[in-house]
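For the sequence shown, the positions run 354 to 823 when our numbering is used.
Note that the Cβ used here is the ideal one computed from N, Cα and C, for glycine as well.
Here's the structure, in structure tokens; my notes come after.
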Amino acid sequence: MAAPDAIIVGGGHNGLVAAAYLAKAGAKVTVLERRPLVGGAAVTEELHPGFRFSRAAYAAGLLRPGIVHDLDLKRYGYEAFVKEPGSFVPFPDGKYLFTYYDARKTAEEFARFSKHDAKSYATWSTMWEGFVDLMEPILLNPPPDLDGLWLHFEKHRQGELLRRLLSGSAEALLSEYFESEYTKAAICGNAVIGTMVGPKDAGSAYVFAHHMLGVIDGRRNVWGFVKGGMGAISQALAAAARDLGVEVRVDTDVERIVIEDGRAVGVRLHGGNFLALPGKAVGPQHRCTIDVASMLDHLERAFDDAKYGDMSREPFLEMYLQSAVDSEMAPPGKHTMTLFTQYTPYHLRNGTWEGRREEWWGRVLDALDAYCPNVRDAVLWKEVLTPPDLERVFGLTGGNIFHGEITPDQMFGFRPAKGWAGYRTPIAGLYLCGSGAHPAGGVLGAPGRNAALVALEDLHRRNTFKRTGA
């Protein structure tokens with residue numbers, strides 16, 4: 354059997370995207386995945402009889418439409434959809450607020466708390482439309498350095514916006530537009546999801562911005578669900594890749610990448626087998642949302658605990674109930690519930706995650722109990738994934754769902770490190786195509802696509818497809 358032109362280490366969604374683009378251009382590609390199923394963190398697993406869960410990644414929206422189009426993913430079963438309302442936010446005093454992807458409806462909700470905020474919401478939405486216009490071409494190209502990023506925004510008279518996003522806090526940004534603590538609380542969760550920052554930290558405004566890049570079927574600034582769970586994205590990618598000639602191997606653990614004379618020449622598999630390359634290699638190392646207790650001051654206090662090495666005493670929770678909109682996920686009359694919880698430092702000041710796992714579950718239940726008094730009796734089965742679990746099961750170093758913070762100091766030309774931001778590494782033939790590369794995580798697929806195009810340039814193969822916009 355002829356050696357592959359490229360080996361992808363890890364069958365996560367970015368690895369599958371990279372494999373498909375390489376194969377579409379004529380390369381012979383092999384994907385090696387340690388687990389018995391592809392997808393990395395974007396998987397759907399039946400963890401309890403009859404119940405299927407998006408086990409790690411849980412929300413869809415950032416997968417770039419250009420990738421969906423190029424790889425014809427809808428033909429392979431990919432189906433994403435948006436449900437209204439976008440989120441439900443209950444408050445400790447009994448008040449509540451809905452947000453919608455329809456800006457007019459959200460403004461009507463905001464008007465219950467502040468007429469000023471209702472009027473300001475249109476300006477807020479327009480600001481993000483302009484931001485997304487400028488960011489979309491950056492997502493599907495090699496990362497710019499800060500000077501290049503600044504020039505791009507300044508050319509369109511948006512340099513001041515970029516400055517505020519890169520150096521400002523989410524609290525400051527929200528306070529520019531809104532006066533009510535309730536309206537700010539309704540949308541501030543996007544400023545901290547998946548990061549070890551508080552809403553008052555410099556740079557948290559950009560974390561918010563990253564979460565505004567969602568797009569589903571042409572609708573911008575949206576998040577939603579994938580029919581069949583997040584694993585359906587990976588299964589569609591794998592099917593597309595296989596049809597393009599990619600060999601996908603599961604239950605195949607790579608022990609190390611073999612380097613000779615400064616060049617990647619193949620991989621050594623667990624058990625001793627060697628898979629060689631002809632001289633080149635590609636591989637990475639690597640019904641609505643319910644936001645509970647997300648007042649800005651509450652988020653900041655929750656982060657204060659984590660700063661000093663403890664899990665939050667009063668955690669922030671984001672809840673997804675996929676079975677409410679996708680009946681295939683649970684038996685009739687039953688439901689699945691996914692909770693994303695913060696803050697959970699990888700290293701605890703006192704004890705270990707293994708020893709304190711149930712304590713964390715207890716804190717989460719306490720937070721839920723204030724809004725769902727029957728939740729304890731309703732739980733049939735649970736899985737609590739701690740940061741070390743995310744690292745062990747899914748290869749998410751440090752338990753970081755984005756493969757690194759999405760704060761400005763770790764984005765663009767600094768991702769994964771200054772000098773390594775263009776997918777190439779100092780080792781010839783070795784490329785980074787995971788979420789640790791530009792433009793970061795969130796199931797975008799863009800790091801895999803961009804890395805494949807860079808590798809193809811180096812392979813001196815003719816690129817037979819056009820670069821597409823987002």
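Beta-bridge partners of residue i, as assigned by DSSP
i, result
"GLN695", "PHE669"
"ILE586", "In DSSP, ILE586 forms no bridge with anything."
"VAL384", "ILE361 and VAL601"
"PHE627", "ARG621"
"ARG516", "BP columns for ARG516 are empty, so no partner."
"VAL607", "LEU622"
"GLU613", "ARG616"
"PHE578", "PHE434"
Where residue i sits in the DSSP three-state scheme
i, result
"ARG572", "strand"
"GLU758", "coil"
"GLY501", "helix"
"PHE466", "coil"
"ILE491", "helix"
"GLU681", "helix"
"ARG457", "helix"
"GLN368", "The question names Gln, yet the displayed sequence has Gly at residue 368. Three-state result, GLY368: helix."
"GLY483", "helix"
"ARG510", "coil"
"LEU674", "coil"
"ASP650", "helix"
"THR689", "coil"
"ASP446", "coil"
"ASP663", "coil"
"ALA356", "coil"
"SER528", "helix"
"ALA591", "helix"
"ALA378", "coil"
"ALA634", "Reliability of the predicted coordinates at ALA634 is poor, the pLDDT of 48 falling under 50, and the value obtained from them is presented with this limitation in mind. If DSSP states are grouped into helix, strand and coil, ALA634 belongs with coil."
"SER478", "helix"
Anticipated Cβ contact below 8 Å, residue i with residue j, distance rounded
i, j, result
"VAL599", "ARG388", "Not really, about 17 Å apart at Cβ, beyond 8 Å."
"GLY365", "ALA394", "7 Å"
"THR750", "TRP706", "The Cβ separation is near 15 Å, so there is no contact."
"LEU369", "ALA594", "5 Å"
"VAL746", "ARG777", "Actually they are not in contact, since the Cβ atoms of VAL746 and ARG777 sit about 29 Å apart, beyond 8 Å."
"VAL678", "LYS436", "5 Å"
"ALA544", "PHE531", "Not quite, the Cβ-Cβ distance comes to about 13 Å (not below 8 Å), so this is no contact."
"LEU597", "LYS377", "5 Å"
"GLU608", "ARG616", "The Cβ separation is near 19 Å, so there is no contact."
"ILE643", "PHE441", "5 Å"
"ARG417", "LEU493", "6 Å"
"ALA805", "TYR374", "4 Å"
"ALA720", "GLU667", "6 Å"
Between the CA atoms of residue j and residue i - distance to the nearest angstrom
i, j, result
"GLY766", "ARG702", "33 Å"
"ALA464", "LYS537", "13 Å"
"ARG428", "GLN588", "12 Å"
"GLY542", "LEU527", "12 Å"
"GLU744", "ASN753", "8 Å"
"ALA539", "LEU450", "7 Å"
"ALA793", "HIS756", "7 Å"
"ARG517", "TRP503", "12 Å"
"VAL728", "SER676", "16 Å"
"VAL737", "ALA790", "28 Å"
"HIS505", "MET764", "16 Å"
"TRP734", "HIS401", "7 Å"
"GLY624", "GLY512", "54 Å"
"LYS687", "ASP470", "38 Å"
"LYS553", "ALA523", "6 Å"
"GLU386", "PHE669", "33 Å"
"TRP576", "VAL568", "7 Å"
"TRP713", "MET664", "7 Å"
"LYS458", "ALA655", "30 Å"
"LEU692", "CYS786", "28 Å"
"VAL384", "ALA372", "7 Å"
"GLY403", "PRO685", "10 Å"
"THR817", "LEU809", "Its pLDDT being 39, under 50, THR817 is placed unreliably by the model, and the measurement read from it follows with that caveat. When rounded, the distance between both Cα atoms is 11 Å."
"ALA629", "THR605", "15 Å"
"GLY795", "LYS468", "34 Å"
Item to check | Runs of alpha helix (DSSP H) lying entirely within the stretch 390 to 434, each at least 4 residues, in chain order | outcome: 418 to 423
Item to check | Length-filtered (4 minimum) alpha helix (DSSP H) runs lying within the stretch 766 to 815 | outcome: 799 to 812
Next on the checklist: I'd like the ranges of any alpha helix (DSSP H) spanning at least 4 consecutive residues and lying wholly in the stretch 700 to 751.
Outcome noted: 706 to 722, 728 to 731 and 740 to 747
Next on the checklist: List, from N- to C-terminal side, the beta strand (DSSP E) runs of 3 residues or more that fit wholly inside the stretch 530 to 574.
Outcome noted: none
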